[in-house]
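The next block holds one structure in the form of structure tokens; read it before the comments.
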Amino acid sequence: MLFPLLLAVVLLVPAAGSAFAQVGPTSAEAIQLANDGRSAEALASFQRLAAANPNDHEARLWIARLHDRLGHPDEAESVYRSVLLEDPANLDAALGVASTLLAREEAAETIELLEAIEERAPRNAEVLALLGRAHRLAGRTDRAIAYFRRAVAIAPTAEHRLRLEDARLSYLHRIETRGFTEQFSGSAPDSRNGDLTVNVRLSERLRILGRGQVQRKFAVSEQRGGGGVEWRWRRATSLRGHVLVGPDNLVMPEGDVLGELDYTFGQATWTATVRYFDFAGARTTFVSPAVSWRASARATWALRYAMSFTDSNRQTSYEIGHTAHVRAAYRLHRRLWLQTGYAAGVEDFDNFSSDRIGDFRASTVSGGFRLDLPTLTTVVGGYEHQWRRRNIDMGRMTVGLQQRF
Numbered sequence: 041m042l043f044p045l046l047l048a049v050v051l052l053v054p055a056a057g058s059a060f061a062q063v064g065p066t067s068a069e070a071i072q073l074a075n076d077g078r079s080a081e082a083l084a085s086f087q088r089l090a091a092a093n094p095n096d097h098e099a100r101l102w103i104a105r106l107h108d109r110l111g112h113p114d115e116a117e118s119v120y121r122s123v124l125l126e127d128p129a130n131l132d133a134a135l136g137v138a139s140t141l142l143a144r145e146e147a148a149e150t151i152e153l154l155e156a157i158e159e160r161a162p163r164n165a166e167v168l169a170l171l172g173r174a175h176r177l178a179g180r181t182d183r184a185i186a187y188f189r190r191a192v193a194i195a196p197t198a199e200h201r202l203r204l205e206d207a208r209l210s211y212l213h214r215i216e217t218r219g220f221t222e223q224f225s226g227s228a229p230d231s232r233n234g235d236l237t238v239n240v241r242l243s244e245r246l247r248i249l250g251r252g253q254v255q256r257k258f259a260v261s262e263q264r265g266g267g268g269v270e271w272r273w274r275r276a277t278s279l280r281g282h283v284l285v286g287p288d289n290l291v292m293p294e295g296d297v298l299g300e301l302d303y304t305f306g307q308a309t310w311t312a313t314v315r316y317f318d319f320a321g322a323r324t325t326f327v328s329p330a331v332s333w334r335a336s337a338r339a340t341w342a343l344r345y346a347m348s349f350t351d352s353n354r355q356t357s358y359e360i361g362h363t364a365h366v367r368a369a370y371r372l373h374r375r376l377w378l379q380t381g382y383a384a385g386v387e388d389f390d391n392f393s394s395d396r397i398g399d400f401r402a403s404t405v406s407g408g409f410r411l412d413l414p415t416l417t418t419v420v421g422g423y424e425h426q427w428r429r430r431n432i433d434m435g436r437m438t439v440g441l442q443q444r445f
């Protein structure tokens, strides 16, 4: 009696084990988890599927995609490469490797890989868009624009159109006009200012600009003008400088000399600035470090500190001032950015005037918008309110228009 019972148990165990092995998510269920945003659960499900069948390349590709989505680029790249090693013709695996290389800003290696893929799939819009991004990262914006145009012609998606537009916005010549009006509390008359800048691309690395400015402030009408240069020294490093002059100015500076260096690393751009202003009877030098970074696809932040040294004919020593800026921008719509900021001290170096020299103390809050139109036109507007010492308030309304051509 005991022997038949043991035999039945032995025969039933494999069947039970086989049934148990079938328990678990199917590929369709795992994909649904991923589409529902349950990435960690989807990853575990695909890992079980791949463990059961290592030749299931689709499951392994999903594992790589989910690692990338969860912020594990190294794990994603290793899985993509393992699939590509077993199946060199697998386009999804090759594009996955290219995407991870691009995320690490390995432009040259990305381009080398994608150009080989382009020979096999010359009309694949994703390949062309990735090549455009890689060439833009490498500093070859003209090549990037050509690839983005091809991607848009094949697949005119919103993402492809915006990437083409963004590349053209940074590459083309541009003309910018800006104006503001200031209103002070008390008896001070309103101020008005108009500014025109033309920025011309001479080459991929070199741009020149000309600028003219007119202003009526404190019942004094003045103007100044000059030019400057922008040079991308290396892929991540740019230099800028300008000289503006306005002989016999009293409120605006007679001389304005700028030197600036930008260095980009990852999502952050670090800036070092030295700016010298020459007024009738006073000279001010600003030394300023700053950083801006892209917190996400929708949000950017910027911080700046500046120390000023003012030497005037009435003083025997330098007067030191301090300035701090905090600014943020949020993309409310794919073409509309909202902007806000706070400044302690000098709020605007581009419109620095004689009423702000020395140890200038004020608090300024600002808000505004930037609208990028499909016509390569940018419209900006904003309002600032400033509280100064001695119960003086100032309100400034600014509007601007920038056109690429």
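Residue numbers (the working numbering): 41 to 445. For glycine and all other residues, C-beta sits at the position ideal for the given N, C-alpha and C. All values derive from a computational prediction rather than experimental measurement.
In or out: residue i buried (at least 16 other Cβ within 10 Å) or exposed?
i	result
Val137	buried
Ser227	exposed
Phe445	exposed
Arg412	At residue 412 the sequence reads Asp, which differs from the Arg that was named. Under this definition Asp412 is a buried residue.
Arg203	buried
Leu372	exposed
Thr277	exposed
Gln442	buried
Enumerate in chain order the residues of its own chain whose CB-to-CB distance from residue i is below 6 Å, with the five nearest sequence positions on each side excluded.
i	result
Tyr316	Val297 and Thr325
Ile157	Ala134 and Val167
Val254	Gly234 and Gln263
Ile194	Arg163 and Ala165
Ala369	Thr340, Trp377 and Gln379
Can you name, in chain order, every residue of its own chain whose Cβ lies under 7 Å from the Cβ of residue i, other than the five neighbours on each side?
i	result
Ser225	Ile432 and Asp433
Asp96	Leu89 and Ala90
Arg396	Val386
Leu242	Ile248
Ala174	Leu142, Ala147, Thr150, Ile151 and Leu154
Gly321	Ser352 and Asn353
Met437	Phe220, Thr221 and Tyr423
Arg189	Leu204
Which one or two residues does DSSP pair with residue i in a beta bridge?
i	result
Leu376	His373 and Leu411
Leu298	His282 and Arg315
Glu262	Gln255
Glu216	Thr237 and Gln442
Arg436	Glu222 and Glu424
Ile360	Phe349
Ser406	Gly381 and Glu424
Thr181	Its beta-bridge partners do not exist; DSSP assigns none.
Tyr303	Thr277 and Trp310
Ala342	Ser332 and Arg367
Closest Cβ-Cβ distance between residue i and chain D: below 9 Å?
i	result
Gly252	Annotation note: the requested chain D is absent from the structure, which comprises a single protein chain.
On a Cα-Cα basis, can you pick out the residue from the options that is closest to residue i?
i	options	result
Glu98	Ser118, Asp132 and Leu110	Asp132
Ala259	Pro229, Arg274, Phe319 and Val285	Pro229
Leu106	Val327, Arg189, Thr140 and Leu170	Thr140
Ser406	Thr380, Ser67 and Arg428	Thr380
Asn75	Gln87, Ala92 and Arg109	Arg109
Ala116	Ala129, Arg100, Pro128 and Leu125	Arg100
Phe330	Tyr345, Pro196 and His112	A small correction: the amino acid at residue 330 is Ala; Phe does not occupy that position in the sequence shown. Ranking Tyr345, Pro196 and His112 by Cα distance to Ala330 puts Tyr345 first.
Gln223	Gln307, His425 and Pro414	His425
Val291	Arg256, Gly266 and Glu270	Arg256
Tyr303	Trp273, His213, Asn289 and Gly111	Trp273
Since residue i is in the beta strand (DSSP E), which residue starts that stretch and which ends it?
i	result
Arg323	Ala322 to Arg334
Where do the ends of the alpha helix (DSSP H) carrying residue i lie?
i	result
Pro128	Element bounds for Pro128: n/a, residue is neither H nor E.
Gly77	Where Gly77 is concerned, there is no enclosing alpha helix (DSSP H), given that its DSSP letter is neither H nor E.
Ser394	It is not in any alpha helix (DSSP H) - Ser394 carries neither H nor E in the DSSP assignment.
Asp108	His97 to Arg109
Arg160	Ala147 to Arg160
Counting only the same chain and skipping the five closest in sequence on each side, list residues whose C-beta sits under 8 Å from that of residue i.
i	result
Gln62	The predicted position of Gln62 is uncertain, since its pLDDT is 45 and thus under 50; a value taken from the coordinates is nonetheless stated next. Excluding residues within five positions, none has a Cβ falling inside 8 Å.
Ala207	Gly172, Arg176, Thr181, Ala184, Ile185 and Phe188
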